[in-house]
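If you use the numbering used here, the sequence shown closes out at 348, no skipped numbers anywhere. Idealized CB from N, CA, C, for every residue including glycine. Have a look at the structure below before the remarks.
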Amino acid sequence: KSEILIARGGPQSITVEVEALTDDLSGQLNITLPLGWATTKELKAVNIAKKNDRQSFTFQLIPGEKAQAGAVRFEFVGPKGRSDRTLHEIDHPHIMPQVHYTPAEVQLVPLDVTTTARLVGYVEGAGDAVPQAIERLGVEVRMLDPATTTLDDLRGLDAVVVGIRAYNTVEAMPRFNPLLMRYVEEGGTVVAQYNTRSRDMMLPDSLIGPYPFELTRGRVTVEEAPPTFLDPKHPLLNTPNAITTADFEGWVQERGLYFVGDHDPRYTALIAWNDPGEEPLDGALITCEHGKGRYVYTGISFFRELPAGVPGAYRLFANLISSRAAQ
Numbered sequence: 022k023s024e025i026l027i028a029r030g031g032p033q034s035i036t037v038e039v040e041a042l043t044d045d046l047s048g049q050l051n052i053t054l055p056l057g058w059a060t061t062k063e064l065k066a067v068n069i070a071k072k073n074d075r076q077s078f079t080f081q082l083i084p085g086e087k088a089q090a091g092a093v094r095f096e097f098v099g100p101k102g103r104s105d106r107t108l109h110e111i112d113h114p115h116i117m118p119q120v121h122y123t124p125a126e127v128q129l130v131p132l133d134v135t136t137t138a139r140l141v142g143y144v145e146g147a148g149d150a151v152p153q154a155i156e157r158l159g160v161e162v163r164m165l166d167p168a169t170t171t172l173d174d175l176r177g178l179d180a181v182v183v184g185i186r187a188y189n190t191v192e193a194m195p196r197f198n199p200l201l202m203r204y205v206e207e208g209g210t211v212v213a214q215y216n217t218r219s220r221d222m223m224l225p226d227s228l229i230g231p232y233p234f235e236l237t238r239g240r241v242t243v244e245e246a247p248p249t250f251l252d253p254k255h256p257l258l259n260t261p262n263a264i265t266t267a268d269f270e271g272w273v274q275e276r277g278l279y280f281v282g283d284h285d286p287r288y289t290a291l292i293a294w295n296d297p298g299e300e301p302l303d304g305a306l307i308t309c310e311h312g313k314g315r316y317v318y319t320g321i322s323f324f325r326e327l328p329a330g331v332p333g334a335y336r337l338f339a340n341l342i343s344s345r346a347a348q
């Protein structure tokens, strides 16, 4: 997969390294941009004396008014040929060393997004790339260990995000979850991503949130399924980013999975959608006020959409982690 660069307005910089596979490598590094983008015009001359040494180059990427998403591609051109590949070395104790190549490119995603969050805690579950996506929003991420994190550790955070299937895989969640609920009571925001209702749960689904809800196997697998906003004026759909149906275009693989079914009436369901021929499901994104704070549970597939660079997923997720006071 290509790397993702989220362009949040204004010029962006990107640094590229050229590694010499021979002595006395010379040539130039070229860049190809998506439509609507420009870069400074100085020549990027490559001169590397020794094999395996590297030379770094920084490009300024300048968006026009109609800058489009697409791949930024890099190519080395020299007297003996050209290369547009990135080399990856795999060296693990249990396998022979291997080398594979991928295109030397970065997916550039121009994105109009705002978030008021500055520092977000993250609880890793079964593993996902959401922390890196949050960092692309310009937000610092602090990884949290549920076995040792204290309430004082949480108090300085703008939000805490719980990774996928954390309540299925992290043994310390029964110890940690009451701290999360206290953090919400004191004014914090918790965003919990999907879990499965199964025998391996560390906590029953009725105890995951501040009020009971039931997890189901409900999902929407058609990524183009149109959303219905059940509470269009809710802050999570409006602040700081006004969410519209356009934000649900270009999604990948699915809308979400393991939605909430029955839930305490203190929760508000925000979005409904369905696969063709099926009844609408409204448990993909629920939220409630608890004490001075906010709790969010979501089965939306942010763990797929954010690494894929889907703009609307970033805009919605930015709302979820933004300060409740600012909303």
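Check whether residue i and residue j have beta carbons under 8 angstroms apart
i: Arg315; j: Val205; result: yes
i: Gly177; j: Gly239; result: no
i: Val317; j: Ala213; result: yes
i: Gly330; j: Ala267; result: no
i: Gly349; j: Lys87; result: No answer is possible for residue 349: the residues shown for the chain start at 22 and end at 348.
i: Ala339; j: Val134; result: yes
i: Ile27; j: Leu46; result: no
i: Leu278; j: Ser322; result: yes
i: Arg139; j: Val120; result: no
i: Phe95; j: Leu64; result: no
i: Thr249; j: Ile292; result: yes
i: Pro167; j: Val191; result: yes
i: Pro233; j: Asp285; result: yes
i: Thr60; j: Leu82; result: yes
i: Asp296; j: Val211; result: no
i: Leu184; j: Glu145; result: Per the sequence shown, residue 184 should be read as Gly rather than Leu. Going by C-beta atoms, Gly184 is nearer than 8 angstroms to Glu145.
i: Pro118; j: Ala90; result: no
Proximity test, residue i beta-carbon vs the ligand ADP heavy atom, cut-off 7 angstroms
i: Thr289; result: This structure does not include the ligand ADP; it has no bound ligands of any sort.
According to DSSP, residues forming a beta bridge with residue i
i: Asn51; result: Glu96
i: Ile116; result: DSSP, once it has assigned bridges, lists no residue as partnering Ile116.
i: Val243; result: Bridge partners of Val243: none, in fact.
i: Arg315; result: Thr210 and Glu310
i: Arg103; result: Val98
i: Pro131; result: Ala28
i: Leu46; result: Ile69
i: Val144; result: Leu165 and Val183
Residue environment, residue i, which counts as buried when at least 16 other CB atoms sit within 10 Å
i: Asp179; result: buried
i: Tyr122; result: exposed
i: Pro131; result: buried
i: Ala66; result: exposed
i: Arg220; result: exposed
i: Arg186; result: buried
i: Val39; result: buried
i: His374; result: Absent from the model: residue 374. The displayed extent of the chain is 22 to 348, so no value can be given.
i: Leu259; result: The question names Leu, yet the displayed sequence has Asn at residue 259. Answer is exposed; the Cβ neighbour count stays below 16.
i: Leu172; result: exposed
i: Met164; result: exposed
i: Asp17; result: Outside the displayed span of the chain (22 to 348) sits residue 17, for which this structure offers no information.
i: Val151; result: buried
i: Asp149; result: buried
i: Arg103; result: exposed
i: Met223; result: buried
i: Glu110; result: exposed
i: Glu326; result: buried
i: Gly320; result: buried
CA nearest to the CA of residue i, picked from the options
i: Gly230; options: Asn259, Met194 and Ile264; result: Met194
i: Gly209; options: Val181, Tyr232 and Val160; result: Val181
i: Trp272; options: Met202, Arg336 and Asp303; result: Arg336
i: Glu24; options: Leu341, Pro328, Ser344 and Asn340; result: Pro328
i: Pro84; options: Arg29, Pro256, Thr260 and Thr36; result: Arg29
i: His255; options: Asn295, Thr308 and Leu278; result: Thr308
i: Asn73; options: Gly99, Leu42, Leu64 and Leu158; result: Leu42
i: Gly298; options: Lys313, Arg276, Ala246 and Ile342; result: Ala246
i: Arg287; options: Ala90, Gly312 and Thr171; result: Gly312
i: Phe78; options: Gly91, Gly102, Ile52 and Lys101; result: Ile52
i: Ala92; options: His115, Gly99, Pro124 and Val98; result: Pro124
i: Leu257; options: Met117, Pro32, Leu341 and Gly102; result: Leu341
i: Glu275; options: Thr137, Gly146 and Ala305; result: Ala305
i: Phe80; options: Ser34, Ile111, Val98 and Pro100; result: Ser34
i: Thr137; options: Arg325, Ala290, Pro261 and Phe324; result: Pro261
i: Ala189; options: Ala290, Tyr215, Thr169 and Asp174; result: Going by the sequence as given, residue 189 is Asn instead of Ala. Among Ala290, Tyr215, Thr169 and Asp174, the Cα nearest to that of Asn189 belongs to Tyr215.
i: Lys101; options: Phe324, Glu310, Thr170 and Asp44; result: Asp44
i: Glu126; options: Phe97, Ile116, Arg325 and Glu244; result: Phe97
i: Leu251; options: Thr289, Phe280, Arg218 and Val243; result: Thr289
i: Thr169; options: Val162, Glu270 and Asn198; result: Asn198
- At 4 residues or longer, and completely inside the stretch 155-212: list those alpha helix (DSSP H) runs for me, N to C. 172-176, 187-190 and 194-206
- Query: Taking the runs of the beta strand (DSSP E) that are 3 residues or longer, which of them lie wholly in the stretch 253-287?
  - Reply: 281-284
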